[in-house]
Amino acid sequence: MSPLRALAPYAAVALLIVLGSGAALASALRIEMASRAAQPASAVGSPPPRADPLALARQLGTPRFAYWREEHDGGRRLWVSDALGSRRWSILSNATRDDVRHTRWSPDGTAVAYLASQKEIVVTWLNGVSLRVPAWRDEGASEARRILGYAWSSDGRRIAATQRHGPGRTSPTDVFVADLADPGRWIQATTAGDVHVAEWAGADELLVETSGGLIGLLRIGERDAIRPLTGMAAASPQIGPDGRVYFGGGHVTDEIAFTDRRFVQGSVWSTTPDGDAREEATLGSEQFRLEGRWPDGRFIVSVPGGMKLSGGRASNLPFLTGTIRRVTVGPGGSAAYGVTDRRILRLDLELAGSSPAAAEAASVVLDQAEDADIWFPRTPAALALSGAAFAGGSPATFAFVMAGRIWMTDVQGAARAVHAVHPGGAWLLRPRWSPDGARFLVTEIVRSGSEQRYAVLLFDRAGRLTRLDQSAGQSWVSSTAWSPDGDRFAVAGGDIGAGWAEGEVRVLDLEGQERGGRIPGREVAWT
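Residues in the sequence shown are numbered from 0 upward in steps of one, following numbering that gives the first Met the number 0.
Put into C-alpha cells, the structure is as follows:
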C-alpha cells in the first residue's frame, strides 16, 4: 500500500473538521452581526449625522459622561455615554492630537466643548456636528491670544473666555464673550489686563476675579463695567444654591491652581450679589480654591495637591489610583462623582465625607477616561439681592484703590475701574480729590528690579487720565496735597540716591509744570 493511500482516511477526517469549524465560525459571525444590527444605532460607534441632539441626549439619560480615550495611533476620541456605559458613542476624533483640556458639557446636555491647545474652543453636539471658536487676535499682533478657560452661559448660546496676550503668566489677561451664532466674532468685555472668568451670574453678567484679589460682577455690553463685591482680598467666586455669592476671602497667594488661577489663604465667605450682608461661612487658614458644595453643606475646595471637604469637620476626599481633580454633585445631593486624570469615580455620599475617608468611599465607574466631565440638569439659582436701598444724602462720587486698580463709584453702587497697573509692578497711594471735586490725583510708584520711579496720575470726574510729573530716575514720594483753589498741587519726595532723609516739596499746576521754588521737606499739607 502506498503511503498516500494510507493517509487518506486521516485527510478526510481533517477536511470534515475544517468544514465543520468554518460552518460554526460563519454561523457565529452571522449571530454576532445580527446581534449588532439589532442594537440601536446609537449604542456604540458614531451617531447618525442628522439626528436631533436633544433626542440623542434623552437616550443617555442622567447623569451623562463625556471623556477622551487614546487610540492605537496615538490620537484621541471624544466619547459620550450614560452612567452605566451601556449606551455610548464617539462624537469627535482628535486627529490633530491637540492638547485637550477643560472638557465641559453644555448646560442642556446636548453638546460638549473643550479647549484645543489654548488656540480655540471646539463645541461638538451629540450628533457629531462641530463648531470651532478661534481665540481673539489683537490688531497688529503676530499671533492670537491664548485661551486659559471658559464658561457656558446658562442658555448655552454664548461662551465667556479668559484670554491671555502672550506666553507668560504676567502677560495681559482679559475677558471676551462669543455668541455661538457668530463664532468668529468676540466681544472684548475688559481691557484691564488682569481679569479672569469665574462663571455666569445671569443673562448679561459674569462673576470675575483678578490675581490681585478682586472679585466682582462684570456687566456685558459696557467695557470694564466691573462692580466689586467685597473690599477684602478674595478669589474663586461662585453662586450658591441660595443665590448668594460664595468666595474664598483672606490673603491671595502666589500658588497657582489647576485652573491657572490663584489660591487664597483664609476662610469661605458669602455676600449678596449687590455686595451687602457679608457673612463668614467657615474658619480656616489653609490655601484653597472654592469649587462647590457637598450635600451636607460643607464646601468642596481645591488645595495644593488635591481636593477636600472644608467646614465643620474637614476631610480629604478619597485617593483611589489618582488624585481627584474635580467633583460634580447631582441636584439635591442625589449623587456625587469625582474625576481623576484617567478615571471617573462614584463617591459614596456618607463614606466620602468621613474623616479619614475610607477606601470603599470611592469606586471606579469608568477607566481610561481622560479630562472627563459629568452632566446633571441644573436650574440656575435666583440671585439673592439684599433689597437695601440708599436713602438721603446728596449725590457723591467716590475714588478708591483696590486690587491694583483705581475705581470710581457713586452712592448708588455703580463702580468702574478707570486705571489698572500690572500685578506686582506698581503701588498706588490713596486718591486725593481737589477741593472743588472736579478731579482727583493718585501717586503711582513703579519698581522694576532695583529701580523705583513715581508718577502723578490726574483724573477728571469722567475718569479721563492725564499723567503728570513722571520722575526720571531713582526717586520716592511720600505725600501730596491740593491748593485751596484746586488749580495746583504739591508733591513731597526725593532722590533715593541722596538718602531718604533729604526730601523736597514741589508745587505743580494742572499741566504738570512747576510753580515757584522747591522747599526742603518729607511731608506736605496745604493750609
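Glycine included, each C-beta is placed from N, C-alpha and C at the ideal position.
Spatially closest choice to residue i from the options, by CA coordinates
i      : options                           : result
Gln162 : Val176, Gly155, Ser152 and Arg156 : Val176
Asp181 : Thr172, Asp340, Arg156 and Gly248 : Arg156
Glu359 : Asp366, Gln367, Glu349 and Leu365 : Glu349
Pro52  : Val326, Thr109, Arg377 and Ala233 : Thr109
Ser433 : His71, His418, Ala480 and Ala143  : Ala480
Glu204 : Ile225, Gly212 and Ala351         : Ile225
Gly249 : Phe287, Ala115, Ala56 and Gly520  : Phe287
Trp293 : Glu285, Arg261, Phe262 and Leu346 : Leu346
Glu503 : Val490, Gly183 and Val132         : Val490
Leu308 : Pro317, Phe298 and Val302         : Phe298
Pro559 : Val122, Asp372, Lys118 and Val326 : As shown, the chain starts at 0 and ends at 526. That puts residue 559 outside it, with no answer to give.
Gly352 : Asp154, Val79 and Val326          : Val326
Arg521 : Ser478, Arg514 and Ser482         : Ser478
Arg261 : Trp268, Phe246 and Asp275         : Phe246
Ala202 : Asp178, Phe458 and Arg514         : Asp178
Arg63  : Leu130, Ala357 and Val364         : Val364
Glu443 : Ala437, Asp435, Leu428 and Asn126 : Leu428
Asp366 : Trp374, Ile343, Ala357 and Ile373 : Ile343
Cβ-based burial, residue i [other Cβ within 10 Å; buried from 16]
i      : result
Ser447 : exposed
Thr396 : exposed
Ile518 : exposed
His71  : exposed
Leu83  : exposed
Gly220 : exposed
Ser85  : exposed
Leu213 : buried
Arg452 : buried
Ser141 : exposed
Trp525 : exposed
Ala538 : Any property of residue 538 remains undetermined from this structure, which presents the chain solely from 0 to 526.
Glu290 : buried
Leu456 : buried
Leu464 : exposed
Glu501 : exposed
Ser362 : exposed
Gly516 : exposed
Gly296 : exposed
Ala42  : In this prediction, Ala42 scores a pLDDT of 46, lower than 50, which makes its location untrustworthy; no coordinate-derived value is stated.
Glu279 : exposed
Gly274 : buried
Ser354 : exposed
Pro303 : exposed
Pro330 : exposed
Gly148 : buried
Residues near residue i in its chain [Cβ-Cβ closer than 6 Å; skip 5 each side]
i      : result
Leu77  : Trp67, Ile90 and Leu91
Leu206 : Ala197, Glu198, Ala200 and Pro236
Met231 : Gly248
Trp406 : Phe399, Ala414 and Ala416
Ser152 : Trp199
Arg218 : Glu204 and Ala224
Arg131 : Glu119 and Val121
Bridge partners - residue i, DSSP secondary structure assignment
i      : result
Glu513 : Leu507
Leu346 : Ala335 and Ala361
Phe148 : A small fix is needed here, since residue 148 is Gly in this sequence, not Phe. Gly148 is bridged to Thr161.
Lys609 : This structure cannot speak to residue 609, because the chain is shown only from 0 to 526.
Ile444 : Trp426 and Tyr453
Ile518 : Val504
Ser474 : Asp494
Asp484 : Paired residues: none, contrary to the question.
Thr479 : Val490
Leu217 : Leu205 and Ile225
Gln187 : Phe175
Asp459 : Arg438
Trp374 : Arg63
Leu384 : DSSP, once it has assigned bridges, lists no residue as partnering Leu384.
Contact set for residue i: own chain, Cβ-Cβ below 7 Å, skip 5 residues either direction
i      : result
Ile16  : With a pLDDT of 42 at Ile16, under the threshold of 50, the modelled position of this residue cannot be trusted, and the question is left open.
Ser116 : Asp97 and Asp98
Ala134 : Lys118, Glu119, Ala143, Arg144, Arg145, Ile146 and Gln162
8 Å CB neighbourhood of residue i in its chain, flanking five on each side removed
i      : result
Met32  : Low confidence applies to Met32: its pLDDT is 31, below 50, so where it sits in the model is not reliable, and the reading given next is rough at best. The answer is none, since no qualifying residue turns up.
Ala383 : Asp241, Gly242, Arg243, Thr271 and Pro272
Ser474 : Gln451, Arg452, Tyr453, Gly492, Gly493, Asp494 and Ile495
Glu369 : Tyr66, Trp67, Arg68, Glu69, Arg75, Val99, Asp340 and Arg341
Thr252 : Arg261, Phe262, Val263, Gln264 and Gln286
Ala425 : Gly403, Glu443, Ile444, Val445 and Arg446
CB contact check: residue i to chain C, cutoff 8 Å
i      : result
Asp347 : Judged by its chain identifiers, the structure shown contains no chain C, having just a single protein chain.
Any non-hydrogen atom of the ligand FAD within 7 Å of residue i CB
i      : result
Leu365 : Absence of the ligand FAD is noted for the structure shown, with no ligands found whatsoever.
Hey, which unbroken runs of the beta strand (DSSP E) at 3 residues or more fall wholly within the segment 219-298?
225-227, 233-238, 244-255, 261-270 and 286-292
In chain order, which beta strand (DSSP E) runs of at least 3 residues are fully inside the segment 60-139?
63-69, 75-81, 87-93, 99-104, 110-115, 119-124 and 129-133
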